[in-house]
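Protein chains in written order, with the working numbering: chain A, -9 to 151; chain B, 34 to 353. Each residue gets a CB set at the ideal place from its N, CA and C atoms; glycine is no exception. Bear in mind the structure is a predicted one, so any value in this text is a computation, not a measurement. Here's the structure, in structure tokens; my notes come after.
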């Protein structure tokens, strides 16, 4: 009986793993299940005519992966490329894409119940990328909803770029 | 030649944008002194009422404030005499005032108590009368208390026929604070906690420009408003982001105002306030206080606007 209850509690409040990264001094998190790999910064080939949030493409073991500027996408100020800059390869909405971040921090474990709804004051489109916020290790994590990173139209635009 | 006082007054007049509904008689300087003397007397008296820990913040008092928990208040009325409940409310207000005085005297405001602390502090702050122990149930700002607050807001946001807010029918205490060179006043009863900002405010992208970020506290995350940008967008400078030192939360909601400096509370007579006549623009501005050369904020209306701004398609309407 006790074991059943415990199992139910776990299923009611699952523990999720999040890969955290830094952007403009703040910490963000993406679901670890959607992260394929993390690359050091490498030369990104620009694509003429691509949307402004697209930095270009990289060759990942023979596959072409589009790299998105996370700062630009989130409406943050541009940053510099440093030794800590990374490209996080993600699977979002059944597409593989890379996002450029300032640095990758760690993997944290969060209970679903620890995640709080983020404020939503404003009509900025980028607000939809935020899944929630969570206070962990004395800092606030901003959790990103990767499946909303691009709309269907934007995915289609990338495919044809 | 125009004096600085006249210049500031002109600015307030421009903010008000309408003639006052009550007589803008200047109050004699002696009255302010009298108010301060009353404050001192009340504060001295307060020290005998409760003995809270000096390192806790206003939220301890707020936890007992009947205003955020009308349900508890009704329970008090059910079990205690009206006189007793009035005394309890008075005691809570006095305790809040004393806490504020301590904060102002200490210069350094310490971080809010740990999350598990309210239960202990509740016991220390609770009035000795057993009849009002039901107040202890109102510790956390739960959804229920927010709902209660909002239902209460419906009354507090309305103005009386005499052209004054309902919360300003009698003499009331107000806290003065500085925001980017402008002094603002807020009714003390509408305040929650004062939290030092340090560098703990986390900005969230995709939000309105006046949203400064989230500030974790023992009682939850505060949504901090960039007060300088909210109040004076035409004179805003990013320097405020560096100078803002405290977040003053609004009682009953999870919103807080970022301020540069917290000053002494004063006692205000409604007659010495130049109340706004037309409030379709900047409904959060109640009027101006000539004796203190400051703008008085209608906190219940501001709290309502901020709460309504979430998921609002037109957040910029807040400033218009």
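TODO: Please state if the CB of residue 260 (chain B) and the CB of residue 226 (chain B) are separated by a distance shorter than 8 Å.
DONE: no
Open item on the list: For residue 39 (chain A), would you say it is in contact with chain B, using Cβ-to-Cβ distances shorter than 8 Å as the test?
Closed with: no
Open item on the list: Whether or not the region 62 to 74 of chain A and the region 86 to 104 of chain A are in contact is what I'm after, with contact meaning three or more pairs of Cβ atoms, one per stretch, closer than 8 Å; do they touch?
Closed with: yes
TODO: Give the residues of chain A in contact with residue 343 (chain B), contact being defined as C-beta atoms less than 9 Å apart.
DONE: 109, 110 and 111
TODO: Note down, in chain order, all residues in the region 114 to 141 of chain A with a beta-carbon under 8 Å from any beta-carbon belonging to chain B.
DONE: 114, 115, 116, 117, 118, 119, 120, 123, 125, 129, 130 and 132
- [ ] Check whether the Cβ of residue 177 (chain B) lies closer than 8 Å to any Cβ atom in chain A.
- [x] Because residue 177 (chain B) sits at a pLDDT of 44, beneath the cut-off of 50, its placement in the model cannot be relied upon, and the point is left open.
Open item on the list: Beta carbons nearer than 7 Å to chain B: which residues of the region 62 to 79 of chain A have them?
Closed with: 64, 65 and 66
Open item on the list: Threshold first: 4 residues or longer. Then list the alpha helix (DSSP H) segments lying entirely within the region 212 to 272 of chain B, N to C.
Closed with: 260 to 264
Open item on the list: Give the list of continuous beta strand (DSSP E) stretches no shorter than 3 residues that lie fully inside the region 5 to 77 of chain A.
Closed with: 5 to 13, 16 to 21, 25 to 30, 44 to 50 and 53 to 59
TODO: Figure out for me which residue from A:60, A:49, A:12 and A:84 has the closest Cα to the Cα of residue 42 (chain A).
DONE: A:60
Task: Residue from B:212, B:340 and B:207 whose Cα sits closest to the Cα of residue 274 (chain B) - done: B:212
Task: In DSSP terms, what residue 98 (chain A) is bridged to - done: A:8
Task: N- and C-terminal bounds of the beta strand (DSSP E) containing residue 296 (chain B) - done: 294 to 301
Task: Same chain only: Cβ atoms within 8 Å of residue 303 (chain B), ignoring 5 sequence neighbours per side - done: 55, 197, 201, 202, 203, 204 and 205
Task: Sequence-distant residues of its chain with Cβ nearer than 6 Å to residue 28 (chain A) (five each side left out) - done: 76, 78 and 94
Open item on the list: On the DSSP bridge list, what partners appear for residue 329 (chain B)?
Closed with: B:218 and B:320
Task: 6 Å Cβ shell around residue 9 (chain A) - same chain, five flanking residues per side excluded - done: 20, 22, 25 and 97
- [ ] Please confirm if residue 16 (chain A) has its CB atom under 8 Å from at least one CB of chain B.
- [x] yes
Open item on the list: For residue 221 (chain B) and residue 127 (chain B), I'd like the C-alpha separation in whole angstroms.
Closed with: 11 Å
Task: Beta-carbon gap between residue 219 (chain B) and residue 332 (chain B) smaller than 8 Å - done: yes
TODO: Just mark residue 294 (chain B) as buried or exposed, buried being the case when its beta carbon has 16 or more other beta carbons within 10 Å.
DONE: exposed
Open item on the list: Let me check one thing: in DSSP terms, what residues is residue 137 (chain A) bridge-paired to?
Closed with: None; residue 137 (chain A) has no bridge partner.
TODO: For residue 144 (chain B), collect the residues of the same chain with a Cβ closer than 6 Å to its Cβ; drop the 5 residues on either side in sequence, then sort them by chain order.
DONE: Reliability fails at residue 144 (chain B), whose pLDDT of 38 lies under 50, so the model's placement of it is uncertain and the value that follows must be treated cautiously. If we look at residue 144 (chain B) and ignore the five residues flanking it on each side, it has no Cβ neighbours.
Task: Distance between beta carbons of residue 66 (chain A) and residue 130 (chain A), contact taken as under 8 Å - done: 16 Å between Cβ atoms; not a contact.
- [ ] Using a cut-off of 8 Å between C-beta atoms, extract the partners of residue 256 (chain B) located in chain A.
- [x] 109 and 111
Open item on the list: Please report whether the beta-carbon of residue 106 (chain A) lies at a distance below 8 Å from any beta-carbon of chain B.
Closed with: yes
Open item on the list: Counting C-beta neighbours from all protein chains within 10 Å, is the total for residue 88 (chain A) 16 or more, i.e. buried, or is it exposed?
Closed with: buried
Open item on the list: Tell me which residue opens and which closes the alpha helix (DSSP H) that residue 145 (chain A) is part of.
Closed with: 142 to 150
TODO: For residue 235 (chain B), decide whether its Cβ has a neighbour in chain A, counting only Cβ atoms nearer than 8 Å.
DONE: yes
Task: 8 Å Cβ cutoff met for residue 257 (chain B) and residue 289 (chain B) - done: yes
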